[in-house]
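These protein sequences, in sequence, are chains A and B.
Numbered by this note's numbering, the letters in the first sequence go through residues 64 to 1083 in order.
Numbered by this note's numbering, the letters in the second sequence go through residues 844 to 1311 in order.
Every residue gets a Cβ at the ideal spot worked out from N, C-alpha and C, and that includes glycine.
Please read all numbers here as calculations on a predicted model, not as lab measurements.
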Amino acid sequence: MGVSVAFHVSFLSGGLGAVEFGRDVLPIFSEKCFQCHGPDEKNRKADLRLDTMEGATRDLGGYAAVVPGNPGQSTLIDRIEHVDPDEIMPPPDSELVLNAKEKLLLREWIEMGAPFEDHWAFLPPQKLTLPNSGHPMDAIVAARLDREGLSFSPPASAGILCRRLYLDIIGIPPTPTEVDAFVAAEKVNRDQAVKDLSNRLQNSAQFGERWARPWLDVARYADSNGFEKDLAREQWAWRDWVIQAINNDKPYNAFLIEQIAGDLLPDATQDQIIATGFLRNGMVNEEGAIVPEQFRIEGLFDRMDCVGKAVLGLSLQCAQCHSHKFDPITQDEYYGMFAFLNNTHEAQSWVYSKKQLDQIQHIQSKVEDLENKIRSVHPDWKTEITHWEASLQANHPKWQTLDFHEHVWEGGLNHPTQLPDHSVLVLGHPTVGGSMYLVARPGETTVTELRLEALQHGDHPFGGPGRGRKGLFSIGELEIYQRASAEADWEKVALKGARADFATEERAISHEAEKEKRSLIGPAAFMIDGNTKTGWMPDRGPVLRHTDSVAVVTLSSPLKLTAESELKIRLQLHQGESADGRDNLQLGRVRCSITDTPPSDAPLPDHAAWLAMEKPIAERTQADFRVIFRAWRNSLEDCSEINTEIVALEQNYPEAETSVLSLAEPPTDLQRVTYFLDRGGWNRPRHVVEPHVPTALHATHNTPKTRLDFARWLASDASPLTARVQVNRVWQSIFGVGLVETAEDFGTRAPRPEHQALLDWLAVDFMEKGWSLKSLIRTIVSSQVYQQDSKCPPELAERDPQNRLLARGPRFRMDAESIRDTALSISGLLHERIGGASFHPPVPQSMLDYNYFKVDWHEAQAPERYRRSLYMFRKRSMPDPVLTTFDAPNGDFACARRMRSNTPLAALTPLNEPVFVEASRALSLRILKEGGTTDASRADYGFRLCTGRSSTASERDALLSLIEKQRSRLADGWLSIDQIGFGGDDKRTELPEGTTPQDAAAWTIAARVLLNMDATLTKF
Amino acid sequence: MTSKDMIRNEFAKGVTRRWFLRDCGVGIGATAFTSLLAQDQLLKGGRTHFPPKIKRVVYLFHAGAPSHLELFDPKPELTKRDGQLPPSELLKDYRAAFINPNSKLLGPKFTFSPHGQSGIELSDMLPHTSQLTDDMCLIRSMHTEAVNHAPAQIMLNTGSQQFGRPSLGAWMLYGLGSQSRNLPGYVVLTSAKGTSGGASNYGSGFLPTEYGGIPFRGTGDPVLYLSNPKGYDSKAQRDSLDTLNELNQIGFEQSPDPEITARIQAYETAYRLQTSAPELMDLKQESQETFDLYGIKNPQQSNYARNCLLARRLLERGVSFVQLFHEAWDQHGNLTKDIQKNCQETDQGTAALLIDLKRRGMLDDTLVIWGGEFGRTPMVQGGNDGRDHHNRCFSMWLAGGGVKKGFVYGETDELGFNIARDPVHVHDLNATLLHLLGFNHERLTYRYQGRDFRLTDVHGKVLNQILV
C-alpha cells in the first residue's frame, strides 16, 4: 500500500523551478508528439518513440533524439526549433505547434539530464505524513491555498450545511424540523453534530439509493435492450444488489470482484451471480437476421469500455483497433484483457426472493433426507447404480450423430450454426413462429429411428434448451425428408411413433390459448400428428426445467440410404404467444442422430442422466452424480412411496420472482479462444491471444489466468488507479467536478489534478480503511474543505472559476434524479420503498407513439409514480424526457461524468411536467398545513422546505406580492381555483384546517415558483 | 454596477446568441464553466475554418433503406435477368441479412425516364422530384459497412455503428452555434413509425446535451412540457416567471454564481419558446397555394408533407439544422405497393420544399439531403416482391448551395450490386457536408476520453468532384 512521504512544503509546492517530467514534459509529448512517436507501434514514424527513456535516447544511426544533458546534440531540440517546414517538428500539416515556453521546457529538461518517470497515475498513490492535529484533508488543501495566497471560505451556516449533508448522503433535502435539530446540535459541537448526522444518514436505506446512482451511470444500467426493438429486460435485481451492497458498505474491492467474477467465487451465492449483471448491462441487438457473433463482440468492446471507465479510469477502447496512441496499452494487451471477459456465456439466471430461497433450502434438505432414506434401504446403492448403468448401456441402440452441411432458418431471420459436437445452435431474435431445417449426408445405412436431443446452452435464457422467456421449447412438427442425391427431389418420410424421456401433461400453452382452444402442448406424439398447433414440450417444473431432453421418432418402415442420399430434418416451431417473441417456445440447441437398430418400446432414460453416464467416471461432476442418482432412484420399484413423497415436496418449489442477465463460464467443450482482431473487426481474427494484463500497470504475485484472477487484479491494493478512480468519482459526486476533472480518463492526456496530494491521500486512506465508501464519505464531509461556505466572491470566481483549488464549498445544479426526488420530498409526495422493479413514469403520448416497436407502457399511479427517480424505467431508445433534460445518461454506454447543461427545456420541465405540477399542488397543501396561518409565515416555511434556510425580507416580499396578485385574480374569476389548485373540477381534496380552496390555488402558483428556484435546484 | 444591473446589461447585449449554451459571461469570468466546454471550445460566433457555402441543412432521412433499384438507379440489365441466379463471382464474401445470397435476381418494379436538361433518369414513382433533376446532385455510389438497420442508421447519422457518438446535427451546432434566438438550433420532425436507431439518431452523444436535436412533435405539445399546467393563463405565467426571476436575482446578489443568470435566461427563452413554437406549428399564415404545392390536404394532420413545410418555416426562423425522419422503407416484401405508397406520401412534399426554398431565395445557401441507411439487394426476398438489406451500394441526393446541379456522381454495375465507379463512403459524405458548412472535418474535434473525436472518425474524403 501507500508509502509515506514526509510532509514538507517543497513537495506540496511542486518543486518550484525545476522541470518535472510528469508535470511539464509528458503533457507536451502526449499532446504534440505521441500521435507519431508514442506507444502505438503501427503508426510510429522514423522508428522513434518518446514515451520511454530507451526509445528517446536510442541511437538512430549516429544521432539520437534525446542526448541527456546535451540539448545541442539532441536532434529533438534541433527539429523543434528548425525553420525549414520540411524539418520542423511537429510537422506543419499536423497543425500542432510548440510554443516558446514548451520549447524551453524541453530544452531545460534535456539539460537536467532528461529524467524520465512514469505518468503520475500509473505510479502507486502515496500518503503524506501530516501533522498530527487537524483534518488531513484540510492540511493538504490549506498548504496549497497558502501557496496561492488564498484561504478557506468561512464555514457554511449550520442550516446550509445540514441541507448539503442530506443531499450528499441520501440525495433528498432535510425537513425544517430536521434542520432545526441539526442547528441546535451544531451549536453545542459542530464536529460531533456532523459526525452524528452523517452516521445516521449513512445508516438509512436511502444512502444506498443515493450512492447507487453514480455506479449505475458508469455501469450503463437500463431496463431495455437497446437497438431497434429495444425490448424490456429484467435487470432490476442487479440494481437492488448495488443498493444493498452500498448500504452494507461492502468493501469496494469485493464490490468489484463480485461484479466481474462473482459466478466464479467458490460456492457462489445467488447474490454473487446477480452481481455479475454489471457487465451484462450493455445493449443487446434483437434486430432480425443479425449475425449474433458480431454483436456479441460489440458487446464485449462495450464491457471493456465500461471496465476502463469504471475501474481503471482509462480509455481502453482506443486500443481496440490499434495500440493506444497516448497511454501505454498495446493492442495485444487490449485483447489480453478482452480474453478474460470473452470466455463467458450471455447467461440469464432466475432470482428468488429471500423467502423463496429459504423455502428452496427447506425442500432440498427434506429431499436429501428422503434420498438418504433410499440409501439406507439400498446400502449397496453405489454398486447397484453401476449395474443399472451397465444394463442401460447394453440395451441402448447405437446412434450415428448427423453432421449437417446445411442448417437454415426459413426466411433467414436467424442464422443457425453447427457446434463441434454437431449440435445446431440458434441465437438472435426469437420470434413467435418459424421453421428450421437441417440437411445431412449420413452415408450408406438403414434408418429405423431418429433421435432428437434438446440440449442446454449457456447463451439461452436459464440455459434453455428453449429460447423463450422461461427457456422452454415446444416442437410443433418434426418432419423427415430424404432424397437419393443432391439433385433429386425431396420425399417425405412416413413416421409412425414418437416417444420422449419426459413430456408435459397435455394442456393448452397458456390461459389465452385455453380459452380459444388452440396451441396444445404434451406428448412427443404431438410432433408427428400433422398439426403444428400441438407440440411436444418437456417442462419438468421449476426444479428441473433447465435440463437436456430427448425424443425418438420411429420411421414407418426402415429407410435405406445410399452413399449420396441426403436426409433433411425439418422442425416447425410456431408455438408462442406474445408479439414481441418473448413467449416463443423455439428450441435453441438440437442434435440429431439415427440408428438402424430395430425399434423398441423401452422407455428412454432421463437424458441428463444419460449424458452424464456417457462421461468416464473420472470426468463426472457432482451435478452429474446427482442426476444419475435421481434417475436411478426413480427406477426403483421398492422406493416408489419415497419417490412420490419427493415429487410432492418438489411441487412446492417456487417459481422465481424475477431474473437477471449474468455471466457464466462455458463448459469445457464450449470454451472460447480469443483472437487478436485486426482493426477491431469481429470478422478479422488473427493470432490467438492468451489472457494477460498490461505491463505498464501493476503486477501481482499471481499471474492472472481466469476472469476471477482478473477481477482480483483490478481490485488489488497494488493498482495505482482503482482506488484513485473510485475516490475521484465520489469526490465528483459531492463537489460537482472530480479532483481529476476527466473522471473517465486518468491517462497521459488527462488534465493533471490541482490536488493530486489530496487525491492520493484519500486513495491510500480509502484502501487502508478497507475500501469503505461510508468511511470515505465521512472523511470528506468532516473536513473544513467540505464544510466551507459555497458563496463565490467575484474575485475568487475570476481567479478559480471551477473551484479547482477548493477555496470554497461545492455549489452546482443537482443531478436529474436529485431534482425530481427533491421536488417529491419537499412536497411530501415521495414514496419511500426501497428496491424492486422499475416503474413507468408518465410520458407524453406523442413519445410513446413514436417508437419502432410498440411500447407496453403502464403509467404508474400514486404512490408508485412518486418513487425515487432511481427506479424510473429506463428505455434506451426513448430516454425519459425529465431525466434527459437534466443530463442523465440513457445507458447506451458507460458514463463516468455527466454533462451539466442549462437549457430552456430544463426550465419547461419543472414548470410543466405532470409530476412536478402535482408536486406544486402537494407542496401548497403542505405549506398551508405546516406553515402557520399567515402568508408571511407560509412563505418563510416554503423557503425553508426548499432551501434549508429562512427567507430574507426581499424574498418573502417577492413571494407575497405574487400571492396577493393571484389571490385577487382567483377571486375575480380570472383563474380557476379548481384547475390550478386541484388539477381539475371535482378533484378537491380535504384541506388543512382553516384554509380555503383559494389558499390552495394561490399557494400552488407560489409553490411552482418555489420548486423552480435556482436555490431549490442547486446544491450549495 | 449592482449585480442586477449587470444581469440586465448582459441581457441587453444579447448574451445568449447561442440558444442552448450556458456560456453566459456576466462580467465575472466569461469562462466560468469550462468543466463543460473547454475554453477553446466556447463559441464566439462560430468556429468555421473557412467561409461556408451553406448556412443551413435539411436532412430528409428516409429510414428503413429505400430501394435504389426502384427509385434512383435504373438497371435495364436487371430487368433482363429477372429470375436468373446472380453471377457467382459477385457473391464471394457477400452477406445479406436474411436471404441466402444465392437467391434469384429480381427485375426493378418500376420504369425510369430521363428528366430535364440533365436527363437524369429517375423512377416514374417520383413524378414531383423528377421535375427537379436539374437542381439535384445524385450520388449513385454510396456504401456503408453496416447491414442491420439500427447500426446503419447510427452510422449515417453519427459516423459510427456504436451508439453514443454525437449526431451530424449536434456536430454542426457545436461548430456553428445557433442563429435562432427563440428556437433550438437543431430540430427533428418525424413521420411514419419510429426509427430503428431511436433517439440516438439525433442525440448529442458525448457533446454537451444542448447540441442534441429537439423533436418538434406533430401531436400534443410541439415541444415537450411547453404548455402551462391547466388553469394558468399567460398572465399567471408571466407573474410567476417575474417572481421567479426576482428570487433568482436576489439569489445572485447573495452568491454571484453565473449559473444563476444562465438559469434566468433559460427560463426567459423557455417563455419565448412558449410563443414561438406554437406560432411555428400554426400554419394559418400559409396560403392555399402553399398547401397545394406541398400536397397538404389537412394542415392539422401531421405527416411528411406537413413536416416539409414546417422545415421551411424553421429555416426561415434561423434554425440551422432540420432533420426529418420517415421510417417506412424496409421492403422485405410488398415492394411494389409499399414503394408506391411511400412515394405518394413523400415525393410531392420533398419537391415542394425544394421549390419553396428556391423561390424564397434560400436554396442557394441551404443544403437539402435525401437518403436512407443502405440499399437493397438486386436479389429477391421471399416470393417475387421483396428485397433484402444491401450495403454495397445505394443512392442519395443533395440539392442546394455548394453542390453541382443536374449532376450524377458514381455508378453501380449493371445489376446495381457493386459500385462500378467513384465509391462514396458515409464518411466521405459527412466530410463533404462539414466542408460545405465551412469546416475541415479533420479539425472539428471534441476531446473526450483523452481522444480528439470527430464525426468522420479517422476516415472521410471531401468529394470535391461534386462541389461547385
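Sixteen is the threshold: when 16 or more other Cβ atoms of the shown chains lie within 10 Å of the Cβ of Ile-323 (chain A), as they do, the residue is buried.
For Gly-801 (chain A), the secondary structure class from DSSP, reduced to helix, strand or coil, is coil. Sequence-ordered contacts of the region 909–925 of chain A with chain B read Ser-909, Met-910, Asp-912, Tyr-913, Asn-914, Tyr-915, Phe-916 [C-beta pairs closer than 8 Å]. When the beta-carbon positions are compared, Asp-950 (chain A) and Arg-939 (chain A) stay at least 8 Å from each other. The Cβ-Cβ distance between Ile-691 (chain A) and Gly-598 (chain A) does not fall below 8 Å. C-alpha of Ser-1043 (chain B) to C-alpha of Glu-1027 (chain A): approximately 47 Å in a straight line.
When C-alpha distances from Ile-797 (chain A) are compared across A:Lys-417, A:Pro-391, A:Phe-1083, the shortest belongs to A:Phe-1083.
For the region 852–863 of chain A, the residues whose beta carbon sits under 8 Å from a beta carbon of chain B are, in order, Ser-853, Lys-854, Cys-855, Pro-856, Pro-857, Ala-860, Glu-861. Looking at the backbone, the Cα of Ile-632 (chain A) and that of Asp-466 (chain A) are separated by about 12 Å.
Per DSSP, Tyr-229 (chain A) is one residue of the alpha helix (DSSP H) stretching across 221–232. Around Thr-1220 (chain B), the same chain offers Ala-939, Arg-1230, Asp-1231, His-1233 as residues with beta carbons nearer than 6 Å, after the five sequence neighbours per side are excluded.
Judged by pairs of C-beta atoms under 8 Å, the region 1248–1267 of chain B does not touch the region 1015–1031 of chain B, as fewer than three such pairs exist. In this structure Arg-283 (chain A) touches Asp-955 (chain A) by the C-beta definition: roughly 7 Å separates them, less than 8 Å. Annotated as distal: Phe-1134 (chain B) and His-892 (chain B), with beta-carbon spacing of 8 Å or more.
Taking one beta carbon from each stretch, the region 1011–1019 of chain B and the region 969–986 of chain B have fewer than 3 pairs nearer than 8 Å; the two do not touch.
By the Cβ-count criterion, Thr-707 (chain A) is exposed, with fewer than 16 other Cβ atoms from all chains shown falling within 10 Å of its own Cβ. The DSSP assignment places 629–635, 652–658 as complete runs of the beta strand (DSSP E) inside the region 614–698 of chain A, in order along the chain (cut-off: 3 residues).
Apart from the 5 residues on each side of it in sequence, Leu-999 (chain B) sits with its Cβ closer than 6 Å to the Cβ of Glu-1216, Val-1269 in its chain, given in chain order.
Interface flag for Glu-913 (chain B) against chain A is unset, since no Cβ pair is found closer than 8 Å. Residues of chain B whose Cβ lies closer than 9 Å to the Cβ of Pro-1060 (chain A) do not exist, since the nearest Cβ in that chain is about 12 Å away. Here the region 644–653 of chain A makes no contact with the region 551–562 of chain A; the two share fewer than three CB pairs at distances below 8 Å. Neighbours of Thr-1220 (chain B) in chain A, taken as residues at a C-beta separation under 8 Å, are lacking, since the least C-beta distance is about 11 Å. Looking only at B:Gly-1046, B:Gly-1226, B:His-971, B:Gln-996, the smallest Cα-Cα distance to Gly-1218 (chain B) is reached by B:Gln-996.
For Val-752 (chain A), the closest C-alpha among the options A:Gln-335, A:Gly-212, A:Phe-403, A:Pro-391 is that of A:Phe-403.
Each of A:Asp-852, A:Pro-857, A:Ala-879 was checked against the Cα of Leu-869 (chain A), and the nearest Cα belongs to A:Asp-852. Taking a contact to require three or more Cβ pairs closer than 8 Å, the region 999–1015 of chain B and the region 1036–1052 of chain B qualify as touching. Under a criterion of Cβ atoms nearer than 7 Å, the residues of chain A adjacent to Pro-1051 (chain B) are, in order, Met-962, Ser-964.
Checking the DSSP bridge columns, you'll see Gly-1214 (chain B) partnered with B:Phe-904. By the neighbour-count definition (other C-beta atoms within 10 Å, threshold 16), Ile-680 (chain A) is an exposed residue.
For Ala-1274 (chain B), same chain residues with a beta-carbon under 7 Å away, outside a window of 5 residues either side, are His-1284, Thr-1299, Gly-1303, Lys-1304, Val-1305 in chain order.
With at least 16 other beta carbons inside 10 angstroms of its own, Asn-965 (chain A) counts as buried. Among the residues of chain B, none has a CB under 8 Å from the CB of Leu-1008 (chain A); the nearest is roughly 14 Å distant. Sequence-distant partners of Ser-835 (chain A) (beyond 5 residues in either direction) whose C-beta falls short of 6 Å from its own C-beta, in its chain, are Asp-312. Under a 10 Å Cβ-count criterion, Gly-593 (chain A) is classified as exposed, with fewer than 16 other Cβ atoms of the shown protein chains found around its own Cβ.
For Ser-909 (chain A), no beta strand (DSSP E) run applies; the uninterrupted alpha helix (DSSP H) run containing it begins and ends at 908–912, by DSSP. Within the region 1017–1032 of chain B, contact with chain A at the beta-carbon level (separation under 9 Å) is assigned to Pro-1027.
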